[in-house]
Structure formats: C-alpha cells, structure tokens
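From first to last, the protein sequence lines stand for chains U and D.
Quick note: the first sequence, position 23, residue 23 per the working numbering, numbers continuous.
Quick note: the second sequence, position 37, residue 37 per the working numbering, numbers continuous.
Take a look at the structure set out below.
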Amino acid sequence: DVKVTQSSRYLVKRTGEKVFLECVQDMDHENMFWYRQDPGLGLRLIYFSYDVKMKEKGDIPEGYSVSREKKERFSLILESASTNQTSMYLCASSRPTLAKNIQYFGAGTRLSVL
Amino acid sequence: AQKITQTQPGMFVQEKEAVTLDCTYDTSDPSYGLFWYKQPSSGEMIFLIYQGSYDQQNATEGRYSLNFQKARKSANLVISASQLGDSAMYFCAMRMGQHQGAQKLVFGQGTRLTINP
C-alpha cells in the first residue's frame with residue numbers, strides 16, 4: 001500500500017515562529033503536493049512538485065515556501081507563522097500519469113498558531 | 001476558470017438506504033477527470049472512484065457508483081446500501097486537462113454525510 005506520512009498530527013506554534021511540516025512517501029512518486037483544508041472551502045493547493053528540487057506555486061502560496069531535496073520528502077515551511085495560517089494541512093503524492101493519476105494523502109497536520 | 005461545486009454541506013441518511021452526493025463542475029477543457037474522496041474523522045483522504053471525461057460508461061467501485069452527466073456537467077456519487085462506517089466528509093475533485101499542470105486537482109467544498117442507525 002502507498003504510504004504518505006506526515007511528521008505531526010497536531011502542532012501548536014506562536015506567531016512569528018518558523019514552522020516546518022514534513023511529508024514522506026514510500027512509493028517513489030514523482031509528484032508531491034501540499035494543501036490546506038478549511039471548513040467550507042475544501043482543499044486548496046499551496047505548492048506542488050514534479051521532481052526533486054522542482055516546485056511550482058499552487059493557488060494560495062503566499063506566506064509559504066517548500067523544499068524538496070529528496071524524492072521521497074516534501075517539506076512545507078511557514079517562514080513567519082501567523083494566526084490566519086491556523087488550519088489543517090494535507091500532503092499528497094502521485095505518479096505523473098495524465099489520466100487516472102490518483103493522489104494519495106497523509107493523515108494531515110492540524111496546526112494552531114497562537 | 002475550473003471550478004467544482006458541492007451544494008450539500010450536510011446530509012443525514014438512514015442506514016441501508018442509498019444516498020446521492022451532488023457535484024457539478026465547470027471547465028472549458030474537453031479532457032478532464034473527476035474524483036471522489038472520503039475523509040473520515042481520522043483525517044486521511046481516501047480515494048473512492050474516478051471518471052474520465054471520455055469514458056463511455058459510468059464508473060463503479062463496489063457500493064460506489066458515479067452518475068456522470070456530461071451535458072449537465074455533473075458527477076454525483078451514489079452510495080448503495082449505506083453503512084454506519086460511511087459517515088464522513090466527501091469531496092469531489094477535478095483534474096484539469098492533459099498538460100503538465102493537469103497533475104493538480106481542484107476540490108469542492110465537501111459534503112458531511114451522517115448515517116443514522
């Protein structure tokens with residue numbers, strides 16, 4: 001089975017802190033994604049990556065950056081956390097097919113910024 | 001712009017009844033894919049079913065089927081013989097086109113389904 005692991009289920013940080021959310025997948029997938037999930041808004045794409053050291057902005061990249069130094073690991077970075085970044089963060093991975101490219105998700109990290 | 005709309009924030013259904021979750025989409029691209037995911041209270045998104053825009057038949061996976069009406073731009077999820085374990089949040093999503101950026105999915109707002117015993 002595909003396994004996408006997010007390092008923390010729950011995280012509490014203070015305003016202004018630098019926050020790292022880590023995601024690791026074990027299926028050698030080229031694509032990796034970071035979403036945030038807010039009630040009534042569904043999932044919104046923050047950043048995604050097609051390959052190592054490659055990244056592209058999603059729909060809401062402001063206030064975030066990412067790092068992909070190894071194929072299996074995709075990190076989301078909040079350079080200076082703010083209260084409006086309190087949310088559920090979901091990581092996903094997929095193969096680069098153009099048809100049924102199912103995205104496999106981790107269990108999510110619920111981040112609270114105080 | 002591509003968009004997915006789920007108009008039912010919440011639904012309550014009796015156990016063993018069939019349930020239909022609505023999803024409409026908007027895209028000008030002739031090639032696209034539609035997905036349904038389930039999110040239990042544990043938080044993990046679970047893939048349920050996929051429909052390609054050129055697929056001739058409606059997709060089915062066990063108790064899940066997708067009622068694909070291309071002209072109406074709708075892709076409703078049908079769950080037959082609902083079970084208590086079906087209680088979860090359900091998301092409809094769309095893959096856009098066949099270019100490299102088509103790796104991305106656009107998600108709807110979600111529908112919270114509650115199955116009553």
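For glycine and all other residues, C-beta sits at the position ideal for the given N, C-alpha and C.
U:MET54 counts as exposed, since fewer than 16 other C-beta atoms from the protein chains shown sit within 10 angstroms of its C-beta.
Look at U:ASN84 here: in three-state DSSP terms it is helix.
Sixteen is the threshold: when 16 or more other Cβ atoms of the shown chains lie within 10 Å of the Cβ of D:ASP86, as they do, the residue is buried. By the CB criterion at 8 Å, U:ARG73 and U:GLU30 fall outside the cutoff. Around the beta carbon of D:LEU66, 16 or more other beta carbons sit within 10 angstroms, so the residue counts as buried.
Ranked by Cα distance from D:SER31, the first of D:CYS23, D:GLU44, D:ALA81 and D:GLN51 is D:GLN51. Apart from the 5 residues on each side of it in sequence, D:TYR25 sits with its Cβ closer than 6 Å to the Cβ of ILE4, LYS73 and MET94 in its chain, given in chain order. Contact annotation for U:ILE102 against chain D: PHE35, PHE47 and TYR50 [CB-CB distance below 8 Å, chain order]. With respect to chain U, the C-beta atom of D:LEU105 has a partner C-beta closer than 8 Å. Below the 9 Å Cβ cutoff, chain U contributes no neighbours of D:GLN8, its closest Cβ being approximately 13 Å away. Less than 8 Å divides the Cβ of D:GLU44 from the Cβ of U:PHE105. Within the same chain, Cβ atoms closer than 7 Å to the Cβ of D:ALA88 are found at LYS38, GLN39, PRO40 and LEU113, the five residues on either side in sequence being excluded. Taking all protein chains shown into account, U:PHE48 has 16 or more neighbouring C-beta atoms within 10 Å of its C-beta and is therefore buried.
One Cα belongs to D:PHE68, the other to D:SER53, and the distance between them is close to 9 Å. Residue burial is scored here from C-beta neighbours: D:GLN56 has fewer than 16 other C-beta atoms within 10 angstroms and is therefore classed as exposed. The three-state reading of DSSP puts D:ASP86 in helix, counting H, G and I together.
Bounds of the beta strand (DSSP E) holding U:GLN25 are 19-25.
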